[in-house]
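Student: Sequences listed follow chains A and B, in order. Just so you know, we're using the working numbering here: the first sequence kicks off at 1 and counts up by one. Just so you know, we're using the working numbering here: the second sequence kicks off at 247 and counts up by one. From the three backbone atoms N, C-alpha and C, an ideal C-beta is built for every residue, glycine too. Got a structure for you, written out below as structure tokens; questions coming shortly.
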Amino acid sequence: MTERSHAAPALWRHPEFRRGAREMTGVALGISAWGVVAGVAMANSSLGAFWAVVMSLVVFSGTGQIASLPLITGGAPLWVIWAAVVCVNLRFVIFSLQWRPYWVHLPLRWRLTVAYFCADLNYFTFVRRFPKPEPAPEQWPYFWGGMAVNWGSWQLSSLLGIALANHVPPQWGLSFAGTTALLALTYTMVSDRATWLAAAVAACAAVAAFALPLRLNVLVAIAAAVAVGVVLDHVAPKPRRAEVAR
Amino acid sequence: MSAVELVIVIVGMTAITLLTRGFFFLQRSQLPVPAWLTEGLRYAPLAAMVAIVAPEIVMSQGQLIGTWKDARLYGAAAATAWFFWRRDMFGTIVAGMAVLLALRLALGW
């Protein structure tokens with residue numbers, strides 16, 4: 001991949017940019033609903049509207065922002081706030097291992113740029129589009145097409161939430177739109193018995209370990225599902241794959 | 247919290263987000279991760295997703311919900327049905343929200 005292909009004007013016009021954007025618009029409604037929810041939460045915390053806007057535009061990590069709010073309001077020490085953000089972001093460390101083969105050949109400044117922007121939903125649409133973990137020239141425009149929609153819908157809705165903080169009735173259940181978006185994405189990822197089982201185990205583990213602080217139940221669920229997945233891959237891989245191939 | 251403290255908090259949070267999201271690709275050299283773990287970690291994104299979604303549907307205030315009169319259950323069921331019928335993301339969200347709002351506003355569930 002040459003330096004020129006990273007230039008913005010060429011990116012816009014690339015068909016993969018449009019494809020990336022299009023495949024992200026399906027979930028943009030869910031992203032926007034969360035954005036509004038996060039915006040309302042930030043504006044109603046001790047941050048106030050100004051710092052809520054700054055945080056939203058700079059940090060770009062919805063779960064990190066929401067996790068930090070009660071701690072900032074409660075006057076927790078700096079290291080506790082940061083530790084909380086590290087915990088809710090630990091899933092990104094795992095995702096980054098999967099991102100690695102696609103991006104590791106890029107110059108450091110582009111890897112830093114990607115690292116700042118690569119949120120959950122980009123990961124899911126990207127891996128569905130490029131299941132093979134190896135670099136390809138279409139990946140760069142595809143990533144930024146999806147990113148443009150993801151970043152844009154998140155920031156716009158987040159600012160809207162901050163502005164409307166006192167006018168969104170909680171019984172509208174806006175955050176549920178985000179939940180259904182994730183539900184749909186989950187269904188696109190379950191394909192065979194192993195993934196269904198891993199998903200069921202993860203769901204039970206996440207509910208059972210819900211009492212853990214800082215959403216660490218997510219890590220418990222990941223550990224449980226990976227354990228089940230590894231065991232399944234080693235116990236019964238061949239017969240099942242042969243069946244599928246037939 | 248003072249403005250200076252808030253700036254420090256926000257800069258730190260941004261740095262943490264950057265470093266966690268790029269943890270395994272910001273440096274070129276390969277960190278030693280065993281092959282079985284890399285294999286197994288392909289279940290991780292799915293698990294992370296389910297772990298966020300499941301409690302949102304079946305729990306409230308940290309407890310499993312103890313009633314069938316919860317609009318989220320039917321919203322999730324409608325979203326699921328729509329997804330497997332049409333395989334379309336936007337319709338899934340709309341179907342789930344429509345059922346949720348109808349039950350909440352009409353029956354107060």
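I need the boundaries of the alpha helix (DSSP H) containing A/Q98, first residue and last residue.
Tutor: Your numbering for residue 98 of chain A matches position 98 in the first sequence. Element bounds for A/Q98: L90 to W103.
Student: Given this structure, state the Cα-to-Cα distance separating B/Y320 from B/S306, to the nearest angstrom.
Tutor: Translated into the one-based positions of the second sequence, residue 320 of chain B becomes position 74. Translated into the one-based positions of the second sequence, residue 306 of chain B becomes position 60. Their Cα atoms are separated by approximately 15 Å.
Student: Once DSSP output is grouped into helix, strand and coil, what is the label at A/M42?
Tutor: As a position in the first sequence, residue 42 of chain A is number 42, starting the count at 1. Here A/M42 sits in helix by DSSP.
Student: At least one CB of chain A closer than 8 Å to the CB of B/A327: is that the case?
Tutor: Your numbering for residue 327 of chain B matches position 81 in the second sequence. Not one chain A Cβ lies under 8 Å of B/A327.
Student: Have a look at A/A208, A/W172, A/F117 and A/H105 and flag the residue whose alpha-carbon is nearest the alpha-carbon of A/W154.
Tutor: Here residue 154 of chain A refers to the residue found at position 154 when the first sequence is read from its first residue. By alpha-carbon distance to A/W154, the top candidate from A/A208, A/W172, A/F117 and A/H105 is A/F117.
Student: I'd like to check one pair, A/V58 with A/L71: are the Cβ atoms closer than 8 Å?
Tutor: Position 71 of the first sequence, counted from the first residue, corresponds to residue 71 of chain A. Position 58 of the first sequence, counted from the first residue, corresponds to residue 58 of chain A. Not in contact: A/L71 and A/V58 (Cβ atoms no closer than 8 Å).
Student: Once the 5 residues before and after A/M55 are set aside, which same chain residues still bring their CB inside 7 Å of it?
Tutor: Here residue 55 of chain A is taken as the residue at index 55 of the first sequence, counted from 1. Only M42, L47 and Q65 meet the Cβ criterion.
Student: A/N217 touches chain B at which residues, Cβ-Cβ below 8 Å?
Tutor: Taking the first sequence and counting its residues from 1, one reaches residue 217 of chain A at position 217. Ordered by position in chain B, the residues that pass the 8 Å Cβ test against A/N217 are A297 and P301.
Student: Give the residues of chain A in contact with B/W314, contact being defined as C-beta atoms less than 8 Å apart.
Tutor: Reading the second sequence from its first residue, position 68 is the one you call residue 314 of chain B. What B/W314 touches in chain A: nothing, since even the nearest Cβ is about 17 Å away.
Student: Enumerated in chain order, which unbroken segments of the alpha helix (DSSP H) with a length of 4 residues or greater are wholly contained in the segment 17 to 64 of chain A?
Tutor: Segments of the alpha helix (DSSP H) lying fully in the segment 17 to 64 of chain A: 48 to 59.
Student: Can you check whether the C-beta of B/I256 is within less than 8 Å of a C-beta belonging to chain A?
Tutor: Counting from 1 along the second sequence, the entry for residue 256 of chain B is found at position 10. Answer yes: the Cβ-Cβ gap between B/I256 and chain A drops below 8 Å somewhere.
Student: Output yes if chain B places a C-beta closer than 8 Å to the C-beta of A/L160; else output no.
Tutor: Residue mapping note: residue 160 of chain A aligns to position 160 of the first sequence, counting from 1. So no, A/L160 is outside the interface.
Student: Classify B/M247 as helix, strand or coil using the three-state DSSP reduction.
Tutor: By one-based count along the second sequence, residue 247 of chain B stands at place 1. In this structure, B/M247 counts as coil in the three-state DSSP scheme.
Student: So that I know if they touch, is there some Cβ in chain A lying closer than 8 Å to that of B/W355?
Tutor: Residue numbering aside, residue 355 of chain B sits at position 109 when the second sequence is read from its first letter. Not closer than 8 Å to any Cβ of chain A, the Cβ of B/W355 fails to qualify, so no.
Student: With distances taken from CA atoms, which of A/A194, A/T188 and A/L182 is nearest B/I193?
Tutor: Nothing about residue 193 of chain B can be read from this structure; chain B reaches only from 247 to 355.
Student: Apart from the five residues just before and just after A/L11, which ones in its own chain have a Cβ nearer than 7 Å to its Cβ?
Tutor: Start at 1 with the first residue of the first sequence, and residue 11 of chain A comes out as number 11. Within its own chain, the residues whose Cβ lies closer than 7 Å to the Cβ of A/L11, once the five positions on either side in sequence are excluded, are F17, P141 and W144, listed in chain order.
Student: List the DSSP bridge partners of B/M305.
Tutor: Taking the second sequence and counting its residues from 1, the one referred to as residue 305 of chain B is at position 59. Answer by DSSP bridge pairing, in chain order: B/L310.
Student: Considering only residues of the same chain and omitting the five flanking positions on each side of A/A205, which have a CB-CB separation below 6 Å?
Tutor: Taking the first residue of the first sequence as 1, we reach residue 205 of chain A at position 205. Result list for A/A205: V220, A221 and A224, in chain order.
Student: List, in chain order, every chain A residue whose beta-carbon is nearer than 9 Å to that of B/R350.
Tutor: On the second sequence, position 104 is the one that residue 350 of chain B refers to. Chain A residues near B/R350: Q171, W172 and G173.
Student: By the three-class DSSP mapping on this structure, what secondary structure does B/V340 have?
Tutor: For the purposes of this step, residue 340 of chain B is taken as residue 94 along the second sequence, with counting starting at 1. In the structure shown, B/V340 sits in a helix (DSSP, three-state: H, G or I).
Student: Report the neighbours of A/S68 on chain B: residues whose CB is nearer than 8 Å to its CB, in chain order.
Tutor: Reading the first sequence from its first residue, position 68 is the one you call residue 68 of chain A. Ordered by position in chain B, the residues that pass the 8 Å Cβ test against A/S68 are V255 and M259.
Student: What separation, rounded to the nearest whole angstrom, lies between the Cα atoms of A/F124 and B/A290?
Tutor: For the purposes of this step, residue 124 of chain A is taken as residue 124 along the first sequence, with counting starting at 1. For the purposes of this step, residue 290 of chain B is taken as residue 44 along the second sequence, with counting starting at 1. If you take the alpha carbons of A/F124 and B/A290, they lie about 12 Å apart.
Student: For A/P170, which residues in the same chain have their Cβ closer than 7 Å to its Cβ, ignoring the five residues on either side in sequence?
Tutor: In the first sequence, counting from the first residue as 1, residue 170 of chain A sits at position 170. Taking C-beta separations shorter than 7 Å and ignoring five residues to either side along the sequence, A/P170 has no partners in its chain.
Student: Run down chain A in chain order and give the residues with a C-beta less than 8 Å from the C-beta of B/R332.
Tutor: Walking along the second sequence from the start, residue 332 of chain B turns up at place 86. The contacting residues do not exist; B/R332 stays about 10 Å from chain A at best.
Student: Tell me which same chain residues have a C-beta within less than 7 Å of the C-beta of A/V218, skipping the five on either side of it?
Tutor: Numbered from 1 along the first sequence, position 218 holds the residue referred to as residue 218 of chain A. So the list reads R91 and A206, once near-sequence residues are dropped.
Student: Note down, in chain order, each residue of its chain lying with its Cβ closer than 6 Å to the Cβ of A/G74, except the 5 sequence neighbours on either side.
Tutor: For this step, residue 74 of chain A is matched to residue 74 along the first sequence. By the criterion of a C-beta distance shorter than 6 Å, A/G74 is surrounded by no residue of its chain, once the five residues flanking it on both sides are discounted.
Student: With DSSP run on the structure shown, which of helix, strand or coil describes A/A165?
Tutor: Along the first sequence, read from residue 1 onward, the residue named residue 165 of chain A stands at position 165. Note: A/A165 maps to coil in three-state DSSP.
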